[in-house]
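A quick write-up on the structure given underneath.
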Amino acid sequence: MCELMAMSANVPTDICFSFSGLMQRGGNTGPHKDGWGITFYEGKGCRSFKDPLPSAQSPIAQLVTDYPIKSETVVCHIRQANSGEVSLVNTHPFIRPMWGKNWTYAHNGQLADFKNQLPVKYHLPVGETDSEHAFCWILEQLLHRFDDHVPESEVLFHYVMELCQQINKLGVFNLLLTDGDFLLVYCANNLHWLTRRSPFGKASLIDAEMVVNFDQETTENDIVTVIATQPLTDDETWQKMQAGEGLLFSKGQLICQNKLSN
Numbered sequence: 051m052c053e054l055m056a057m058s059a060n061v062p063t064d065i066c067f068s069f070s071g072l073m074q075r076g077g078n079t080g081p082h083k084d085g086w087g088i089t090f091y092e093g094k095g096c097r098s099f100k101d102p103l104p105s106a107q108s109p110i111a112q113l114v115t116d117y118p119i120k121s122e123t124v125v126c127h128i129r130q131a132n133s134g135e136v137s138l139v140n141t142h143p144f145i146r147p148m149w150g151k152n153w154t155y156a157h158n159g160q161l162a163d164f165k166n167q168l169p170v171k172y173h174l175p176v177g178e179t180d181s182e183h184a185f186c187w188i189l190e191q192l193l194h195r196f197d198d199h200v201p202e203s204e205v206l207f208h209y210v211m212e213l214c215q216q217i218n219k220l221g222v223f224n225l226l227l228t229d230g231d232f233l234l235v236y237c238a239n240n241l242h243w244l245t246r247r248s249p250f251g252k253a254s255l256i257d258a259e260m261v262v263n264f265d266q267e268t269t270e271n272d273i274v275t276v277i278a279t280q281p282l283t284d285d286e287t288w289q290k291m292q293a294g295e296g297l298l299f300s301k302g303q304l305i306c307q308n309k310l311s312n
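For the sequence shown, my numbering gives the first residue as 51, with consecutive numbering after it.
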């Protein structure tokens with residue numbers, strides 16, 4: 051399956067270190083060679099880079115590793131196709147506007163009979179993937195439930211977790227969803243996370259020969275949380291999420307947790 055990565059931080063932070071490891075799994079140290087994408091938030095704006103080429107061989111991916119874009123929220127995905135052809139239109143993350151914000155979404159897993167089980171009327175997919183279709187269905191449920199009354203973050207989080215539980219019955223549904231301020235994470239079977247804060251130390255990538263001393267790159271007030279399908283470093287303590295668990299982050303902090311039984 052695909053691999054996910056995301057970041058939530060309380061100060062604009064670059065993700066070059068983590069992405070340098072993840073991109074190697076896209077056709078080098080891993081089989082996820084069917085495209086990749088990453089979205090960075092800067093205030094209400096966001097910039098997205100995508101490529102149907104393997105990330106380990108993509109000049110655009112190399113640009114991202116060399117260009118330290120600083121952001122408080124990042125969502126990234128490397129693809130191993132199982133639904134829809136290998137093409138730019140089927141490459142994650144997917145972005146749609148709602149409630150005056152750009153919502154970014156990425157999914158890891160595979161869903162059966164999704165067109166019948168997750169009917170959509172207004173939010174129509176552009177590509178052919180089960181992932182984008184599920185995103186469109188989530189947006190329709192949110193608008194049907196809340197209309198133009200934007201819910202509080204924790205209310206929204208718990209409702210999205212219920213929707214994830216429904217979708218997960220169709221197969222495997224690991225989710226990253228953000229509006230740039232909050233990052234929602236749902237684990238069907240395989241996600242890990244860690245929070246870096248003072249006192250900072252060194253970290254070594256698993257997939258590349260790279261070591262960073264975060265004490266030299268940060269201040270004592272910085273808080274940075276990274277989520278990934280598989281741990282990206284081998285000398286830090288990553289927490290494995292439980293099946294059916296949901297997490298809500300804002301500015302690097304875990305602010306809400308929801309455990310639903312599968």
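Note that beta-carbon positions come from the ideal geometry of N, C-alpha and C, so glycine has one too.
Give me, in chain order, the residues of the same chain whose beta-carbon lies closer than 6 Å to that of residue i; leave out the 5 immediate sequence neighbours on both sides.
{"i": "M217", "result": "Per the sequence shown, residue 217 should be read as Ile rather than Met. Result list for I217: A184, F223, in chain order."}
{"i": "I305", "result": "L298"}
{"i": "G230", "result": "Y91, T123"}
Can you give the Cα-Cα distance for residue i and residue j, rounded to whole angstroms?
{"i": "C66", "j": "M57", "result": "11 Å"}
{"i": "C214", "j": "L225", "result": "8 Å"}
{"i": "R246", "j": "Q266", "result": "13 Å"}
{"i": "E190", "j": "M148", "result": "10 Å"}
{"i": "S300", "j": "S203", "result": "10 Å"}
{"i": "R195", "j": "V261", "result": "46 Å"}
{"i": "P143", "j": "Q303", "result": "23 Å"}
{"i": "W187", "j": "V170", "result": "6 Å"}
Leaving out the 5 sequence neighbours to the left and right, which residues in its chain are closer than 8 Å to residue i when beta-carbon positions are compared?
{"i": "I145", "result": "T89, C96, S98, N152, W153, T154, Y155"}
With 16 other CB atoms within 10 Å as the buried threshold, where does residue i fall?
{"i": "T287", "result": "exposed"}
{"i": "H199", "result": "exposed"}
{"i": "N263", "result": "exposed"}
{"i": "Q74", "result": "buried"}
{"i": "D284", "result": "exposed"}
{"i": "P109", "result": "exposed"}
{"i": "K100", "result": "buried"}
{"i": "L227", "result": "buried"}
{"i": "D197", "result": "exposed"}
Assuming the contact rule is C-beta atoms closer than 8 Å, residue i and residue j should be a hit. Round their C-beta distance to whole Å, please.
{"i": "A258", "j": "M55", "result": "The pair is not a contact, with the Cβ atoms about 14 Å apart (cut-off 8 Å)."}
{"i": "S121", "j": "E92", "result": "6 Å"}
{"i": "H20", "j": "Q167", "result": "Residue 20 cannot be examined here, being either before or after the span of the chain that is shown, 51 to 312."}
Take residue i and list the residues in its own chain whose beta-carbon comes closer than 7 Å to its own, dropping the five residues that flank it on each side.
{"i": "A106", "result": "M73, Q74, G76, G77, N78"}
Pair every Cβ in the stretch 73-91 with every Cβ in the stretch 119-129, then say whether three or more of these pairs are closer than 8 Å. As far as the Cβ criterion goes, the stretch 73-91 touches the stretch 119-129, which means the pair count is three or higher.
Answer yes if the stretch 235-253 comes into contact with the stretch 190-208, meaning at least three C-beta pairs across the two stretches below 8 Å, and no otherwise. Counting C-beta pairs closer than 8 Å gives fewer than three between the stretch 190-208 and the stretch 235-253, which falls short of the contact rule.
With contact counted as at least three CB pairs below 8 Å, one residue from each stretch, are the stretch 109-116 and the stretch 253-261 in contact? No: the two stretches stay apart, fewer than three of their Cβ pairs being nearer than 8 Å.
Validate contact between the stretch 157-166 and the stretch 258-272 using beta carbons, cut 8 Å, 3 pairs: Taking 8 Å as the limit for Cβ pairs, the verdict is that the stretch 258-272 does not touch the stretch 157-166.
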